[in-house]
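J.:
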Amino acid sequence: MAPRFDIDLLMPAPMMPFIMERLDQAFHVHKLWLAADADALLAEVAPRVRAIAAAGGAAITADLMRRLPRLECVSGFGVGYDSIDAQWAGTHGITVTNTPDVLTEEVADTALALTLMAVRRLPQAERHLRAGRWLEKPFPLTPSLRGRTAGILGLGRIGKAIARRFAACGVPVHYHGRHRQADVDLPYHATPVDLARAVDVLVVVTPGGSETRNLVDPAVLKALGPDGILVNIARGTVVDEQALVAALRDGTILGAGLDVFAQEPAVPQALLDLDNVVLLPHVGSATTHTRQAMGQLVVDNLIAWAEGRPVPTPVPETPIEAG
1 MAPRFDIDLL MPAPMMPFIM ERLDQAFHVH KLWLAADADA LLAEVAPRVR
51 AIAAAGGAAI TADLMRRLPR LECVSGFGVG YDSIDAQWAG THGITVTNTP
101 DVLTEEVADT ALALTLMAVR RLPQAERHLR AGRWLEKPFP LTPSLRGRTA
151 GILGLGRIGK AIARRFAACG VPVHYHGRHR QADVDLPYHA TPVDLARAVD
201 VLVVVTPGGS ETRNLVDPAV LKALGPDGIL VNIARGTVVD EQALVAALRD
251 GTILGAGLDV FAQEPAVPQA LLDLDNVVLL PHVGSATTHT RQAMGQLVVD
301 NLIAWAEGRP VPTPVPETPI EAG
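Under the UniProt record's numbering, the first residue of the sequence shown carries the number 1, and numbering increases by one thereafter.
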């Protein structure tokens, strides 16, 4: 059966099966990772490709887009799109989309869970039980969420959802972002260091990319202090991992909960060796419900563009009108 649109679409990396099935029904899809010679396939289809479906983390660089003279749309999987050169795309009339909103609540749940696990040392308590050590002695008392203040580094959609969860737990919330938000009635701090100094739980929710690389540096960790907990559900590159390891080792901060890492899926052995950090394999939005919704939004964006309609979720750098 012929696809719905006579449009060539490039898929550089595998995506969820239902995404691939629906895009196969709608477009001429070229699956780059399946080619025996990926460069040869790209050279063959480049003059015809008008759209890209990008799996989370697939690098859609300016160099790649330059090779596609008819490219009009890049539909990315995930709310973060630092792996797509959206700035270059936007200045060259190419629409870029992501999948916001549908994962907000799921990721916020994960941030709260990581906070509780890190503060109460719940994974360590489970390991204590599984190893049979409860038969020998109770698990040691832990710090508490009670009496703490949380800081949100990046108060966007997900940051606000996290703030609501902390408020429900009776935890005051402060924030830092590029700008003070006029409609937000929370204490604002002008720098990450100022925010860290005012709180003892710091949750990182900023976008990735060059502008935020190592934003959480030794100065921020020192300001967070020896009772401080760092939680990162944003991008691993936002935190200076070497500085974090040092801070966890020497007691500069109390602990951390991490769902993301600088060189995923590789996690530094130094982090694996520490007992005061909770590590998750980037599962913030990884539920069937949410990933299905994200995948459907990838498809919806491409269908809207192909039909000449405004795409549902363009990123700020991109032209608003598609087609």
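Virtual Cβ for every residue (Gly too), placed ideally from N, Cα, C.
Measure the alpha-carbon distance for Gly323 versus Phe5 and round it to whole angstroms.
T.: Taking the first residue of the sequence shown as 1, we reach residue 323 at position 323. Taking the first residue of the sequence shown as 1, we reach residue 5 at position 5. Because the pLDDT of Gly323 is 39, which lies under 50, any placement of that residue in the model is unreliable, and the number read from its coordinates should be weighed accordingly. Roughly 13 Å between the two C-alpha positions.
J.: Would you check if there are 3 or more beta carbon pairs closer than 8 Å linking the segment 179 to 196 to the segment 239 to 252?
T.: Contact between the segment 179 to 196 and the segment 239 to 252 is absent, because fewer than three Cβ pairs lie under 8 Å.
J.: Do the CB positions of Gly236 and Ala262 come within less than 7 Å of each other?
T.: For the purposes of this step, residue 236 is taken as residue 236 along the sequence shown, with counting starting at 1. For the purposes of this step, residue 262 is taken as residue 262 along the sequence shown, with counting starting at 1. Yes.
J.: Have a look at Pro172 and Ala150 and give me their C-alpha separation to the nearest angstrom.
T.: Counting from 1 along the sequence shown, the entry for residue 172 is found at position 172. Counting from 1 along the sequence shown, the entry for residue 150 is found at position 150. Those two C-alpha atoms are separated by around 6 Å.
J.: What are the start and end residues of each continuous beta strand (DSSP E) run of 3 or more residues lying completely inside the segment 107 to 173, in chain order?
T.: Those beta strand (DSSP E) runs which fall completely within the segment 107 to 173 and span 3+ residues are 150 to 153.
J.: Contact check, Thr287 vs Pro100 under 8 Å by CB: the rounded distance?
T.: By 1-based counting over the sequence shown, the position of residue 287 is 287. By 1-based counting over the sequence shown, the position of residue 100 is 100. About 17 Å; that fails the 8 Å criterion.
J.: Using alpha carbons as the reference points, say which of Pro226, Phe27, Met20 lies closest to Trp305.
T.: As a position in the sequence shown, residue 305 is number 305, starting the count at 1. Closest option to Trp305, Cα to Cα, is Phe27.
J.: Would the segment 156 to 163 and the segment 102 to 112 be scored as touching if the rule is three or more Cβ pairs under 8 Å?
T.: Yes, since at least three Cβ pairs between the segment 156 to 163 and the segment 102 to 112 fall closer than 8 Å, the two stretches touch.
J.: Hey, could you find the ends of the alpha helix (DSSP H) Asp39 is sitting in?
T.: Walking along the sequence shown from the start, residue 39 turns up at place 39. Looking at the DSSP string, the run of the alpha helix (DSSP H) that includes Asp39 is 38 to 45.
J.: Run through the DSSP bridge pairs and tell me what Ser285 is partnered with.
T.: Taking the first residue of the sequence shown as position 1, residue 285 is located at position 285. In DSSP, Ser285 forms no bridge with anything.
J.: If the criterion is Cβ atoms closer than 7 Å, does the pair Ser83 and Ala59 meet it?
T.: Here residue 83 refers to the residue found at position 83 when the sequence shown is read from its first residue. Here residue 59 refers to the residue found at position 59 when the sequence shown is read from its first residue. For Ser83 and Ala59, yes; Cβs fall inside 7 Å.
J.: For Gly93, does the three-state DSSP call read helix, strand or coil?
T.: Start at 1 with the first residue of the sequence shown, and residue 93 comes out as number 93. Correct three-state label for Gly93: coil.
J.: For Met65 and Met20, I'd like the C-alpha separation in whole angstroms.
T.: Sequence index remark: in the sequence shown, residue 65 carries index 65 (1-based). Sequence index remark: in the sequence shown, residue 20 carries index 20 (1-based). Looking at the two C-alpha atoms, the distance is approximately 21 Å.
J.: Kindly list the residues whose CB is nearer than 6 Å to the CB of Gly209, restricted to its own chain and excluding five residues on each side of it in sequence; keep chain order.
T.: What you label residue 209 is simply residue 209 of the sequence shown in a count that begins at 1. Excluding residues within five positions, the ones whose Cβ falls inside 6 Å are Asp82.
J.: For Asp183, does the count of other Cβ atoms within 10 angstroms reach 16, so buried, or fall short, so exposed?
T.: Along the sequence shown, read from residue 1 onward, the residue named residue 183 stands at position 183. By the 10 Å Cβ count, Asp183 comes out exposed.
J.: Does DSSP put Ala322 in a helix, a strand or coil?
T.: On the sequence shown, position 322 is the one that residue 322 refers to. The predicted model places Ala322 with a pLDDT of 39, which falls under 50 and marks its position as unreliable, so this point remains unresolved.
J.: Taking DSSP as the reference, what is the three-state secondary structure of Asp8?
T.: Locating residue 8 in the sequence shown gives position 8, counting from the first residue. Three-state result, Asp8: strand.
J.: Quick check on the DSSP output: what are the complete beta strand (DSSP E) runs of length 3 or more inside the segment 50 to 90, in order along the chain?
T.: Those beta strand (DSSP E) runs which fall completely within the segment 50 to 90 and span 3+ residues are 73 to 76.
J.: Give a yes or no on contact between the segment 248 to 257 and the segment 218 to 233, applying the rule of three or more CB pairs nearer than 8 Å.
T.: Contact between the segment 248 to 257 and the segment 218 to 233 is present, because at least three Cβ pairs lie under 8 Å.
J.: Please name the residue, chosen from Arg133, Asp109, Lys31, that lies closest to Ala54 on a Cα-to-Cα basis.
T.: Here the question's residue 54 lines up with position 54 in the sequence shown. Nearest C-alpha to Ala54: Lys31.
J.: How many Å lie between Gly170 and Gly147 at the Cα?
T.: Mapped onto the sequence shown, residue 170 falls at position 170. Mapped onto the sequence shown, residue 147 falls at position 147. Cα to Cα, Gly170 sits roughly 9 Å from Gly147.
J.: Could you spell out where the beta strand (DSSP E) holding Ala256 opens and where it closes?
T.: Numbered from 1 along the sequence shown, position 256 holds the residue referred to as residue 256. Note, Ala256: beta strand (DSSP E), 255 to 258.
J.: Looking at Ala161: is its Cβ nearer than 7 Å to the Cβ of Ala113?
T.: What you label residue 161 is simply residue 161 of the sequence shown in a count that begins at 1. What you label residue 113 is simply residue 113 of the sequence shown in a count that begins at 1. No.
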